[in-house]
Amino acid sequence: MPSLLRSNLRLCLWDGISAIPLTLLSQPGNIVLAALLTGIFSLSARSYGIIVSLPFWFNFLQVLLTPLLAQRLDARRLCIVSAWLHCAGWIILTCALPFIPKADTPLTLWVFIGGFSIISLASAINGVAWNGWMQEVVPARLRGKYFGVRNRLLYISMIVFLLSVSGLLALMNGKMTAYIVLFGVAIVLRVFSVLAQQRMAASTGKHQPAAQLPWQEQVRNVRRDPTLVTFIAFAALMGFTINLFGPFFPVFMYEQLHITVAKANWILLFGPLGAAVSFPAWGRLLDKFGNIPVMVVALALWQLFNLIWCFVDTGNLWLLYVVATTGGLFSAGYGIGVFNLLLKITPPTSRTMGIALFISFSCLAAAMGPPLGGYLISTAKARGFDPMTVYHTAFIFAPVFSLANCLVLLRIREASAARITEVMGAMRNVRTVASLFGLSFLVNQVFYRSTNRRKRPAT
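At position 328 of the sequence shown the residue is numbered 328 (this note's numbering), and the sequence of numbers has no breaks.
Given below as structure tokens:
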């Protein structure tokens, strides 16, 4: 492997590990943000839904800005500039926290809207730039394997961070100081992440990155590509489906199950753990069978296990460990498949607009979800329906409609992709299942020793 490629892959790994804490805190509906907004600042479900929808709205609006910026800055520089803006937004919001009224007042709401608007805009531009940059940094032949291993290490970093969150919130009894310390550490790590990006080369190939066409021509190229258009439609459907009630899982745990933030964080920690052990196995399956069949299988399994949320109450909290673990295990295969398929089918000369439109339309649909979901939940509770029943009914939506959305995904034609039955056949194999659960070493040891015993000559 050339030294430049090796150096870039190493820096890309360090960049991801350092960025994970602040990236996690920026995600809509994350457990820390839910506790801060609904616990410390007592925001209603409607106000909470508006704030957590902001990343989706800005991911939609970035399509008006990112292609224009990409005409002046290459993907690397655009990624770095937006990362620094992301850090600045978090610094401003963290400094403002002690001075915000701890109630659902207009001032509280608008401060959070302003702070998360800066953060969301930076994240939106950074996401497009980073995806485009990775097309040049990581060769296609290595993507499945590399991102499988990279994502495992990133999720291990996430697990360490979430354990720190549980410990810190428990130690400080969930006080405001704990959140300020938490955000401060995440910001410092993000700074190291951006410094790693600055040391990376723009490309590892022998040739210069493909020149980006004028944005009007890029739009026409994307519009004339039926494969990419269908994939964008699928992503939009999934964005709305997952995010209508998905951000309210933590709220359900706090309000109805009466779980503390530290314990909820501990339970949901099993999600990243399941993803971390399974990422390399999913990467190998994607390289072998193609993205679409693996995505369909992973999505179906993920959402079938998500139905468990509809049966959780205070008497069977142990089910939360099951749904968290399986959610991480199977969503990992779906998530890495989406990323790989996007890089695979996006035209190189229209890369910026293709990725920008994909993110824009999928996030426009996703942005409509949390405010509508918050409105429906608040309205149902205000009309006297049992809150536990309201949440259980809401959580049926994503599994049912996600399985229906697979019909759209199957309309996409992917070169060299296997049939779904081949993926399911592979997953019946003991070694494949073991690798998904991170048990390859144990299974190999058992088979190796068993083989030796059978071959041992009689005495």
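By construction, the Cβ of each residue, glycine as well, lies at the ideal position given by its N, Cα and C atoms.
Quick caveat: nothing in here was measured; it's all calculated off a predicted structure.
Contact between Met158 and Ile267 does not hold, since the beta-carbon distance rounds to 15 Å and is not under 8 Å.
Nearest Cα to Pro348 within the set Gln135, Phe330, His258, Phe58: Gln135.
With contacts defined as CB atoms closer than 8 Å, Ile232 and Ala398 fail to qualify as a contacting pair. In terms of Cβ geometry, Gln62 and Val128 form a close pair [threshold 8 Å]. Residue environment analysis places Gly335 among the buried positions, since at least 16 neighbouring C-beta atoms fall within 10 angstroms of its C-beta. Comparing C-alpha distances from Phe56 to each of Ala45, Ile359, Ile180 shows the shortest one belongs to Ile359. In this structure, Ile113 sits near Leu54, with a CB-CB distance shorter than 8 Å.
Inclusion of Leu269 and Leu163 in the CB contact set at 8 Å is warranted, their separation being smaller than that value. Cβ-Cβ distances below 6 Å link Ser193 to Asp15, Ser18, Ala19 in the same chain, with the five nearest sequence neighbours on each side left out; the list follows chain order. Look at Pro371 here: in three-state DSSP terms it is helix. The beta-carbon distance between Phe183 and Trp90, rounded to whole angstroms, is 6 Å. This is short enough to meet the 8 Å contact definition. Per DSSP, reduced to three states, the secondary structure at Thr349 is helical. Contact check for Met176 and Ile259: beta-carbon distance about 20 Å, past the 8 Å limit, so the pair fails to qualify.
Spanning the alpha carbons of Ile180 and Arg77 requires a straight line of approximately 30 Å. Burial check for Met424: the Cβ neighbour count within 10 Å stays below 16, so the residue is exposed.
In the assembly as shown, Gln303 is a buried residue. Its beta-carbon has 16 or more other beta-carbons within 10 Å. Cβ atoms of Ile119 and Leu69 stay farther apart than 8 Å, at about 18 Å. Rounded to the nearest angstrom, the gap between the Cα atoms of Gly315 and Leu257 is 9 Å. About 4 Å separates the beta carbon of Ser350 from that of Asn221, a gap short enough to meet the 8 Å contact definition. Given a length threshold of 4 residues, each whole run of the alpha helix (DSSP H) inside the region 11 to 47 is given here in chain order: 31 to 35. The beta carbon of Pro272 sits closer than 7 Å to those of Tyr155, Met158, Ile159, Leu162, Gly328, all from its chain and outside the five residues before and after it, given in chain order. By the beta-carbon neighbour count (other beta carbons within 10 angstroms, threshold 16), Ser416 is exposed. Under the three-pair Cβ rule at 8 Å, the region 389 to 409 counts as touching the region 292 to 308.
Taking the Cα positions, Ala264 is about 45 Å away from Arg72. In the DSSP annotation of this structure, the continuous segment of the alpha helix (DSSP H) that includes Arg77 starts and ends at 75 to 96. Under the three-state reduction of DSSP, His392 is assigned to helix. Taking a contact as a CB-CB distance under 8 Å, the pair Phe339 and Phe60 does not count as one, their CB atoms being some 19 Å apart. Between Ile100 and Leu407, the alpha-carbon positions lie close to 47 Å from each other.
Contact annotation: Gly373 and Leu237 have beta-carbon atoms that are not nearer than 8 Å. Taking a 10 Å sphere around the C-beta of Thr66, we find 16 or more other C-beta atoms and assign the residue as buried. Annotation note: the region 118 to 187 contains the following uninterrupted alpha helix (DSSP H) runs of length 4 or greater, listed N- to C-terminal: 143 to 171.
In the structure shown, Ser331 falls within a helical segment according to DSSP collapsed to helix, strand and coil. The region 225 to 258 contains, as complete alpha helix (DSSP H) runs of 4+ residues, the segments 226 to 243, 249 to 255 (chain order).
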